[in-house]
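Protein chains: 2
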Amino acid sequence: MTYNDKKQFYLAVDCVIFGYEDYKLKLLLQPRPIEPSKGEWALMGGFCGDAETLENAANRVLEKTTGLTNIYMKQVQAFSQVNRDPGGRVISVAFFALINIRNYDDDLLKQYGAQWFSIEEIPNLIFDHAEIVENAMQQLRRTAKIQPIGFELLPENFTITQLRNLYEAIYQCTLEPANFRRKIMSMKLLDRLPFKDKNSSRKGAYLYSFNQEKYENLSAQGFSFDISHAQM
Amino acid sequence: MTYNDKKQFYLAVDCVIFGYEDYKLKLLLQPRPIEPSKGEWALMGGFCGDAETLENAANRVLEKTTGLTNIYMKQVQAFSQVNRDPGGRVISVAFFALINIRNYDDDLLKQYGAQWFSIEEIPNLIFDHAEIVENAMQQLRRTAKIQPIGFELLPENFTITQLRNLYEAIYQCTLEPANFRRKIMSMKLLDRLPFKDKNSSRKGAYLYSFNQEKYENLSAQGFSFDISHAQM
DNA sequence: CCAAAAGTGTTCACGCTACACCCATGC
DNA sequence: GCATGGGTGTAGCGTGAACACTTTTGG
Numbered sequence: 367m368t369y370n371d372k373k374q375f376y377l378a379v380d381c382v383i384f385g386y387e388d389y390k391l392k393l394l395l396q397p398r399p400i401e402p403s404k405g406e407w408a409l410m411g412g413f414c415g416d417a418e419t420l421e422n423a424a425n426r427v428l429e430k431t432t433g434l435t436n437i438y439m440k441q442v443q444a445f446s447q448v449n450r451d452p453g454g455r456v457i458s459v460a461f462f463a464l465i466n467i468r469n470y471d472d473d474l475l476k477q478y479g480a481q482w483f484s485i486e487e488i489p490n491l492i493f494d495h496a497e498i499v500e501n502a503m504q505q506l507r508r509t510a511k512i513q514p515i516g517f518e519l520l521p522e523n524f525t526i527t528q529l530r531n532l533y534e535a536i537y538q539c540t541l542e543p544a545n546f547r548r549k550i551m552s553m554k555l556l557d558r559l560p561f562k563d564k565n566s567s568r569k570g571a572y573l574y575s576f577n578q579e580k581y582e583n584l585s586a587q588g589f590s591f592d593i594s595h596a597q598m
Numbered sequence: 367m368t369y370n371d372k373k374q375f376y377l378a379v380d381c382v383i384f385g386y387e388d389y390k391l392k393l394l395l396q397p398r399p400i401e402p403s404k405g406e407w408a409l410m411g412g413f414c415g416d417a418e419t420l421e422n423a424a425n426r427v428l429e430k431t432t433g434l435t436n437i438y439m440k441q442v443q444a445f446s447q448v449n450r451d452p453g454g455r456v457i458s459v460a461f462f463a464l465i466n467i468r469n470y471d472d473d474l475l476k477q478y479g480a481q482w483f484s485i486e487e488i489p490n491l492i493f494d495h496a497e498i499v500e501n502a503m504q505q506l507r508r509t510a511k512i513q514p515i516g517f518e519l520l521p522e523n524f525t526i527t528q529l530r531n532l533y534e535a536i537y538q539c540t541l542e543p544a545n546f547r548r549k550i551m552s553m554k555l556l557d558r559l560p561f562k563d564k565n566s567s568r569k570g571a572y573l574y575s576f577n578q579e580k581y582e583n584l585s586a587q588g589f590s591f592d593i594s595h596a597q598m
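Rendered as structure tokens:
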């Protein structure tokens, strides 16, 4: 090996898994399964394996702990404070993931003792996980303004009001319903379905689905998703 | 050690060093000093040491190869393709750095055989360095719109025209001089100095300097730097 | 008929664009 | 005085904010 004289490091991935429910942005946490700090609240994580990339490792962790594949996932950054993990010199690369909380396998929740926490009520976390969460949160907020990733947190079909509530949860703000609707509609990325959701009003609200194909076509033509000018 | 059964990895940092000169955004490259691929064009890099963070390592590399400290630097992301480095399983964490090309020590340039390349004329790079550069470039473009980092690439004192030319180089576009000037001025982040630069016009253009303190004060009050609506 | 949420219309103000125009100065 | 880049003025347009208004339907 060429680099024999160089130091080697343990490499971990930590997943900041976001979900949305009850008008709240939530975070999936589990009691840490191994020493040190066993039992304390932690992000879902694991070590990177020999033959896998960090992205592979993060997907493996996500699938194992949520039962879901094809999850939206993005690297946040590497965390490398020398003493961040009392168990050894471990560099952690964080990812944030967005999942539709309804698809989440409740059995796995029990199996790992995992729980969803509202982002306003996050318990004490091990190591530097609070910093990681804070960082992931910022990246989510930054990204959601300029890429259509909010849809990842909603069911396949949703109403405009649900979408607005989601953005209100992400940005902790209130948005003018009329203006939000027009802003989203003007992008022409949603397909209106022939059904209405009557759960929240007598009149009923049309359901929409995000059309990925339209988005890609428009993007190829120079279009950019952008809701950053909607009072956030 | 708690994690004895886990695999360990070599950890490198690679620095994408941007500079600005002759109306062009430039990148500092050096011939790779070690095997494999010795002598081919590569990013400035190095291995992470035992007692340092990745940020420490990147700063060490930057200081060694540019002679400069207190450089603006930001993590891009980790690159972990299994075969990205034929010399071994090396995970690389990339950083992008912005330096004032005038402060750069030309002796070091000779010492390392380093060269500045216009970002439009980047030679073939080793490993996945082209991908790293592409990624860093995107992050620079994204960041420069919403944070006042352009100034890092200019001398302490600069004219509004110079600043505009810089943004034109970053975004490969042309900007209306009158409108750009007003946009920047409206943020009230620049101090006008009592001198003029007469290099580029008979009338002379006032020199300005970026006032970091004002920026921090305004930021604390909810102000956000944003030039994203200046035809970019 | 009424309440309540969905959805539409309309006004206002601000900010970006485009371009005309003045300013200062070295030759 | 004129060419050149610095710098200002300004009209027009587009878009977001605010809020009034209409629509639909279960009780």
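Residue numbers (this note's numbering), protein chains in the order written: chain A, 367 to 598; chain B, 367 to 598. Where a beta carbon is used, it is the ideal one built from N, C-alpha and C, also for glycine.
- Thr527 (chain B) places its beta carbon less than 8 angstroms from that of Pro543 (chain B).
- If you ignore the 5 residues before and after Lys564 (chain B), its C-beta comes within less than 7 angstroms of the C-beta of Gly570, all in its own chain and listed in chain order.
- At a cut-off of 8 angstroms between C-beta atoms, Lys569 (chain A) does not count as an interface residue with respect to chain B.
- Counting only the Cα atoms, Lys580 (chain A) lies some 46 angstroms from Thr432 (chain B).
- Residues of chain A whose Cβ lies closer than 8 angstroms to the Cβ of Tyr581 (chain B) do not exist, since the nearest Cβ in that chain is about 18 angstroms away.
- Residue state for Ala444 (chain B) is assigned as strand, using DSSP reduced to three classes.
- For Gly385 (chain A), not one C-beta of chain B is nearer than 8 angstroms to its own C-beta.
- Sequence-distant partners of Lys390 (chain B) (beyond 5 residues in either direction) whose C-beta falls short of 7 angstroms from its own C-beta, in its chain, are Ser484 and Ala535.
- In the structure shown, the three-state DSSP call for Ser585 (chain B) is helix.
- Interface flag for Ile457 (chain A) against chain B is set, since a Cβ pair is found closer than 8 angstroms.
- With a contact defined as Cβ atoms closer than 8 angstroms, Leu541 (chain B) and Ile550 (chain B) miss out at about 10 angstroms.
- Beyond the five residues adjoining it in sequence on each side, Arg398 (chain A) comes within less than 7 angstroms, by CB distance, of Lys404, Gly405, Glu406, Ala408 and Ile492 in the same chain, given in chain order.
- In terms of beta-carbon proximity, Leu377 (chain A) lines the interface with chain B, with at least one pair separated by less than 8 angstroms.
- Taking a cut-off of 8 angstroms on C-beta distances, the region 444-452 of chain A does not touch the region 465-481 of chain B, as fewer than three cross pairs fall below it.
- Per DSSP, the unbroken alpha helix (DSSP H) holding Ser552 (chain A) starts and ends at Pro543 to Ser552.
- If you check the CB distance, Val379 (chain B) and Ser458 (chain B) come in under 8 angstroms.
- Contact annotation, Pro521 (chain A) with Arg558 (chain A): C-beta distance approximately 15 angstroms; criterion of less than 8 angstroms not satisfied.
- Between Phe413 (chain A) and Leu377 (chain B), the gap from beta carbon to beta carbon reaches 8 angstroms or more.
- For Tyr369 (chain A), the nearest CB of chain B lies under 8 angstroms from its own CB, placing it at the interface with that chain.
- In this structure, the beta-carbon distance from Ala460 (chain A) to Ala502 (chain A) falls below 8 angstroms.
- Contact between Leu395 (chain B) and Ala480 (chain B) holds: CB atoms are separated by about 7 angstroms, below the 8 angstroms threshold.
- The DSSP assignment places complete beta strand (DSSP E) segments of no fewer than 3 residues inside the region 467-543 of chain A at 481-484, in order along the chain.
- Listed along the chain, the chain A residues whose CB falls inside 9 angstroms of the CB of Phe461 (chain B) amount to none; the nearest CB is some 10 angstroms away.
- A distance of 8 angstroms or more separates the beta carbons of Ala596 (chain B) and Phe517 (chain B).
- One finds nothing in chain B with a Cβ atom closer than 7 angstroms to the Cβ of Ser575 (chain A); even the nearest lies about 28 angstroms away.
- As DSSP reads the structure, Val379 (chain A) sits in a beta bridge with A:Gly412 and A:Val459.
- Interface flag for Lys373 (chain A) against chain B is set, since a Cβ pair is found closer than 8 angstroms.
- At a C-beta separation below 9 angstroms, Gln447 (chain B) has these neighbours in chain A: Thr419.
- Counting only Cβ-Cβ distances below 8 angstroms, Phe413 (chain A) has contacts in chain B at Tyr369, Lys372 and Lys373, in chain order.
- A direct Cα-to-Cα measurement between Gly588 (chain B) and Met598 (chain A) gives close to 12 angstroms.
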